[in-house]
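Chemist: After the structure tokens below, expect a handful of questions from me.
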Amino acid sequence: MSTFHHRKKKRKSLNKGPRLVLFPDIGKEAKDLLNKDYIKDDVFSFSKSSSIGVVQSTTVVKHGRLSTSNIAANYNNDTVDVKIGSKSQLSATLGFRGNFSASTKTKFALKLPDYSSSELKFQYFHENAILASSFVLNQFPSVVISTAIGNPRIAFAVEAEYKTARCFTKYDAGIHVANPKCNATITLSNKGDLLKALYMHQFDHPMKVVVAAEINRRFSTKENTLTIGGSYEVDRRTTLKVKLDNHGKLNTLLLHRFRHKSYLSVFGEINMKGIDKTPRIGLAVALIS
């Protein structure tokens, strides 16, 4: 299993410190620590930027014996996304973003031929609150309302979806508490059926160790899932990540940056409850300039 990336563009730093986020993004740091960069599929990706600011990218993903491809291009805040599926399915997404003021953002996405997924989004930003709404334009239109209130240290977020044919189909809520060394998140989703708790702690320098834990409780099936993991910065260029869940799946990831923004990563997965099963191994090479 292998992954190859080549990108040629200059990126501005997006790290502007902690910020207030909506429900889907609360606890993102802990989620990324437990899930980001672990390779699951064969991926080939190529992207480059032109002198006028147009960024073009091509991605091919292989899922077992099936494969999908994605060709995308974006200019400033406008995006064009074309996807070709394994059964020659074609879909296109056009996104147009415009800031009517410094505190608002809008986006319209049109998908073809699956026009039922076309969506209109609107977001309003305030120092201590975010309000977002999206409208899915299909035969039975749905409206999703998300809001977050608080500050980067403590925030409460809710999200609800209303469909004209089925009334409310989703209502989620969560609370997030953070400080410079640790953060914790508790969310209740799937109409109150799924309770999720996330915790992440960063140890002091020079250990450069970050640990995280996630507990899921599904009330309808009485199923519990526990995942623990962490990362260790071996040196300035090498990072080791490990995670283990209560089902016996052990995942490891070694990430080595051999030049500026270019890296090599090796992934492995072993089922501790089924040693006879074939381990999964992945390799990724990213060349970014």
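Position in the sequence shown (from 1) plus 2 gives the number in the working numbering.
Idealized CB from N, CA, C, for every residue including glycine.
1. Assign Glu271 to buried or exposed, taking buried as 16 or more other Cβ atoms, counted over all protein chains shown, within 10 Å of its Cβ.
2. Would you decide whether Gly194 is buried or exposed? Buried here means 16 or more other CB atoms lie within 10 Å of its CB.
3. Please check the pair Leu1 and Gly231, which I expect to be a contact at CB under 8 angstroms, by giving their CB distance rounded to whole angstroms.
4. Under 7 angstroms Cβ to Cβ from Asn273, same chain only, skipping five residues before and after it: list those, please.
5. For Asn130, count the other beta carbons within 10 Å of its own beta carbon; 16 or more makes it buried, fewer makes it exposed. Which is it?
6. How is the alpha helix (DSSP H) around Asn218 delimited, first residue to last?
7. Report the option in Ile28, Leu22, Phe25 and Ala32 whose CA atom is closest to the CA atom of Ser233.
8. Taking all protein chains shown into account, do 16 or more other C-beta atoms lie within 10 angstroms of the C-beta of Phe260, making it buried, or fewer, making it exposed?
9. For Ala175 versus Ile28, is the C-beta distance shorter than 8 angstroms?
10. In chain order, what residues of the same chain have a beta carbon less than 8 angstroms from the beta carbon of Asn181, not counting five sequence neighbours either side?
11. Grouping DSSP H, G and I as helix and E and B as strand, with all else coil, what is Asn226?
12. With burial defined as no fewer than 16 other Cβ atoms inside 10 Å of the residue's Cβ, what is the status of His128: buried or exposed?
13. Comparing alpha-carbon positions, which option in Leu133, Ile132 and Phe137 lies nearest Leu122?
14. Quick one: does the C-beta of Ile277 sit closer than 7 angstroms to a heavy atom of the ligand NAD?
15. Which of the three DSSP states, helix, strand or coil, is assigned to Asn273?
16. Do Leu256 and Ser264 have their C-beta atoms within less than 8 angstroms of each other?
17. Mapping DSSP to helix, strand and coil, what is Ser144?
18. What are the partner residues of Val236, as DSSP defines its beta bridges?
19. Would you tell me roughly how many angstroms separate the C-alpha atoms of Thr106 and Asn226, rounded to the nearest one?
20. Work out the CA separation of Asp247 and Leu16 for me, nearest whole Å.
Modeler: Reading from the atomic positions:
1. By the neighbour-count criterion, in which 16 or more other beta carbons inside 10 Å mark a residue as buried, Glu271 falls on the buried side.
2. exposed
3. As shown, the chain starts at 3 and ends at 291. That puts residue 1 outside it, with no answer to give.
4. Gly250, Lys251 and Lys279
5. exposed
6. Not the alpha helix (DSSP H): Asn218 falls in the beta strand (DSSP E), residues Val211 to Arg220.
7. Ala32
8. exposed
9. no
10. Arg155
11. strand
12. exposed
13. Phe137
14. Only the bare structure without any ligand can be found here, which leaves the ligand NAD out of the picture.
15. strand
16. no
17. strand
18. For Val236, DSSP assigns no beta-bridge partner whatsoever.
19. About 40 angstroms.
20. Residue placement at Leu16 cannot be trusted, given a pLDDT of 34 that sits under 50; what the coordinates show is reported in the next sentence. Each residue's alpha carbon lies about 32 angstroms from the other.
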